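Right, one structure below, let's go through it.
Protein chains in written order, with our numbering: chain P, 22 to 295; chain C, 22 to 295.
Structure (structure tokens):
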């Protein structure tokens, strides 16, 4: 097994048909429970380790039902339907509840597919931005252990330096990579997909409690393409909101490889307190 | 019960704990199986009719596992986790398989939530376009019964008049409403979310077999807001792709009310043949 802290955090042990055991990693702790991106990567990992897997991940939707408690959890990954070239998975992460029952803390669906050679193009091309070495590293706020696992160089829309209510837009662009160099792969970019801070902070320049309720990731790059990226490569991330209303906002985001190929498009619906 | 053809198509009969019976409607038939939007609205309807419902739909992800056969189906809607203000649902649509078992033809997750008064704004504002009465109705291709259920006035990016391989972009803007006037509601706009023809047709000006694999809908408007829209109102839809690769493309789309409020943001990952 890889000794990279990310691989240790998403590691699972088979525990009977369709079941895997895992545990939260202090290295990816968030303010309450683990970083959502590490939980999403763990869900993906369960599907990718399943002996019945067909193809590789095409889409993932993860719903954060409750804070994952520190410690052990069970991931159940059920192949609900297998077709010639696609496969549909329903996944749950459970932990023991107060009365000894297994309570769902995460629900998810994953579609895996066999990738084929076809016509293709990127319609959302990478924005023209400064190269990573032209961007000053900005010290990240150190609320949470997981932030130390990533290196981020914000180009636009970084965490507001002052909470003065003066926000004017919700768009962040940043270069992103693992702080400890790691080969890009499907689990890794799933973590990247959740690495943006809450859009409401930027839009309002105001600190408001917020947390992701549901995230969807579409994988445009397959494992073979990601494996061709050099270790330590940067990924360009762009995220913005479309609407804030009644305690929930959405986020729409893209990740591109350093050489300008779109890797992932991803969306979230996020709770905010006020 | 409403006698509107849409309400008849999504109608469900309770059939024991968490189970509902329904049947496909010839009025919403697509080339193979029903229009995906009517299936999504039916899934939403199961959750909305469930006696344990908390709040109303905030997000829906539906995975189209297999063509829904004409005839009867069962919808199972399980409340997996109920919190103070959010509730997480796992849903499946099943039909009898070849060996008498119940096979999943659709899997889905739904999050419902209690909406609260908070600060809010639309960051993706409605584009400036011609009013519906300034746009010529364009006769829709009549592949499928379901297209007759909607009135569409394309402003930009309509189905290519000639398949000459000359496509240059993937963006459609159109005014959309039910052909038989109907009050906007959450089930109705779920159908609208899937009303865009495949982006690959527009981008390539080439007919290529295509079908939605997974769709996510984020509801920014609640039922009360939709109920205030007049019957027969138009909705502005905008859809575009971000990437086409290896047999799958994504679609990112928005729906606005006629008076410019964002109602829905929605995303799909779609199979295309070549």
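Using N, Cα and C, we set each Cβ at its ideal position, and we do this for glycine too. Since we're looking at a predicted model, the values are computed, not measured.
Counting along the chain, where does the beta strand (DSSP E) carrying residue i start and finish?
i                      : result
residue 123 of chain C : 123 to 134
residue 79 of chain C  : 77 to 85
residue 260 of chain P : 256 to 261
residue 288 of chain P : 283 to 293
residue 269 of chain P : 269 to 278
residue 203 of chain C : Careful: residue 203 of chain C lies outside any beta strand (DSSP E) and carries neither H nor E.
residue 115 of chain C : 107 to 117
residue 175 of chain C : 171 to 177
residue 240 of chain C : 231 to 240
residue 50 of chain P  : Here residue 50 of chain P belongs to no beta strand (DSSP E), and DSSP marks it neither H nor E.
residue 265 of chain P : 264 to 266
Which residue wins for smallest C-alpha separation from residue i, given the options the options?
i                      : options                       : result
residue 43 of chain C  : C/84, C/70, C/81 and C/184    : C/70
residue 243 of chain C : C/50, C/80 and C/67           : C/80
residue 238 of chain C : C/55, C/84, C/30 and C/76     : C/84
residue 64 of chain C  : C/110, C/104 and C/24         : C/110
residue 194 of chain C : C/55, C/116 and C/216         : C/216
residue 276 of chain C : C/284, C/269 and C/270        : C/284
residue 155 of chain C : C/196, C/129 and C/186        : C/196
residue 41 of chain P  : P/97, P/270, P/211 and P/259  : P/97
residue 148 of chain P : P/294, P/281 and P/290        : P/281
residue 258 of chain C : C/225, C/270, C/246 and C/172 : C/172
residue 132 of chain C : P/135, P/269, P/245 and P/295 : P/269
residue 108 of chain P : P/135, P/129, P/82 and P/86   : P/135
residue 67 of chain C  : C/100, C/46, C/56 and C/104   : C/100
residue 102 of chain P : P/82, P/130 and P/86          : P/130
residue 205 of chain C : C/86, C/246, C/50 and C/29    : C/246
residue 72 of chain P  : P/46, P/39 and P/62           : P/39
residue 29 of chain P  : P/35, P/46 and P/278          : P/46
residue 74 of chain C  : C/104, C/218, C/293 and C/241 : C/104
residue 23 of chain P  : P/229, P/203, P/292 and P/219 : P/203
Which two residues bound the contiguous alpha helix (DSSP H) that contains residue i?
i                      : result
residue 67 of chain C  : 57 to 70
residue 245 of chain C : 244 to 248
residue 225 of chain P : 220 to 225
residue 214 of chain C : 207 to 214
Apart from the five residues on each side of it in sequence, which residues of its chain come closer than 8 Å, Cβ to Cβ, to residue i?
i                      : result
residue 157 of chain P : 174
residue 116 of chain P : 89, 90, 92, 93, 94, 95, 123, 124 and 126
residue 151 of chain P : 176
Can you tell me which residues form a DSSP beta bridge with residue i?
i                      : result
residue 41 of chain P  : P/35 and P/96
residue 166 of chain P : BP columns for residue 166 of chain P are empty, so no partner.
residue 196 of chain P : P/174 and P/257
residue 103 of chain C : C/108
residue 142 of chain C : P/265
The ligand PLP and residue i: does the residue's C-beta get closer than 7 Å to at least one heavy atom of that ligand?
i                      : result
residue 121 of chain C : Questions concerning the ligand PLP fall outside what the structure shown contains, since it holds no ligand whatsoever.
Got a sec? Which residues, its chain only, sit under 6 Å from residue i by beta carbon, not counting five neighbours each side?
i                      : result
residue 54 of chain C  : 88 and 89
residue 287 of chain P : 214, 238 and 274
residue 114 of chain P : 94, 96, 126 and 127
residue 185 of chain P : 226
residue 290 of chain P : 234, 235, 269 and 271
residue 198 of chain C : 172 and 255
residue 279 of chain C : 254 and 255
Tell me which same chain residues have a C-beta within less than 7 Å of the C-beta of residue i, skipping the five on either side of it?
i                      : result
residue 223 of chain P : 178, 181, 188, 191 and 193
residue 49 of chain C  : 30, 55, 56, 59, 166, 167 and 170
residue 34 of chain C  : 41 and 42
Quick one: any contact between the region 261 to 276 of chain P and the region 141 to 158 of chain C, if contact means 3 or more CB pairs under 8 Å? yes
Should the region 119 to 126 of chain P be regarded as contacting the region 166 to 181 of chain P, the criterion being three or more beta carbon pairs within less than 8 Å? no
So does the region 225 to 234 of chain C actually touch the region 245 to 254 of chain P, counting three or more Cβ pairs closer than 8 Å? no
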